[in-house]
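Each step along the sequence shown adds one to the number in this note's numbering, with nothing skipped, and position 60 is 56. No residue lacks a Cβ here, since even glycine has one placed at the ideal position from N, Cα and C.
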Amino acid sequence: MIVHEQLSFQDALSLATKRIFETKGRSRRSEFWWAMLVAYFISNFLPPFWLVTIPISIRRLHDTGRSGWWMFFPVVATIIIVSMCVSDVLSFMTMDDFEDTITPFVVFGKYIFFCGIVSVYQIVMIIFFCQDSAEGENRYGASPKYEEEPPCVPPEERKE
């Protein structure tokens, strides 16, 4: 098994920008983490830029042998939390006074619980993203890190 060396900062960014919207295939850890570092700084000034990290995250998951559907959870979580916020705002607007059944703990407790679930998810994703590439080819393509060694062919069987 041939192991390719880690990508440099420049090589990783070059590869990541060439495949910026591509979700098929695999991305190595070095490509992923260098691209995420740059995306983090850019998204501080341009928040929508963070969306371009989704394809590279999917490719990183593919490299570890996992489905890209793991990236669907943040979308669902965002929809749920926005729905909860809208529901709570509408409920508070229609109330005359705080009712006995609604306490701050009930209102904010669900947000704390939901934040706990999201935090566990983020820890799991960091673990996935830090794992080494799956050796050899998987259902998402050939490994960008590990390459199969060509079989040894005796000199008398070589075609020239």
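CB-CB under 7 Å to residue i, same chain, minus the five flanking residues each way: which ones, in chain order?
i           : result
residue 17  : 51
residue 53  : 67
residue 103 : 84
residue 132 : 139, 142, 144
residue 56  : 23, 28, 125
With DSSP as the reference, label residue i as helix, strand or coil.
i           : result
residue 16  : coil
residue 36  : helix
residue 131 : coil
residue 27  : helix
residue 61  : coil
Ordered along the chain, which non-local residues of its own chain (more than five positions away) have a Cβ less than 6 Å from that of residue i?
i           : result
residue 127 : 60
residue 46  : 39
residue 58  : 22, 136
residue -3  : 142
residue 114 : 73
residue 20  : none
Can you say whether residue i is buried or exposed, counting buried as having 16 or more other CB atoms within 10 angstroms of its CB?
i           : result
residue 36  : exposed
residue 33  : exposed
residue 144 : exposed
residue 1   : exposed
residue 138 : exposed
residue 49  : buried
residue 129 : buried
Going along the chain, which residues of its own chain have a beta-carbon closer than 8 Å to the beta-carbon of residue i, five neighbours each way excluded?
i          : result
residue 3  : 11, 24, 26, 27, 30
residue 62 : 124
residue 76 : 110
For residue i and chain B, any beta-carbon pair shorter than 8 Å?
i          : result
residue 56 : In the structure shown, chain B cannot be found, because there is only a single protein chain.
* To do: Ignoring anything shorter than 4 residues or poking outside the region 98 to 129, list the alpha helix (DSSP H) runs there in chain order.
  => 100 to 126
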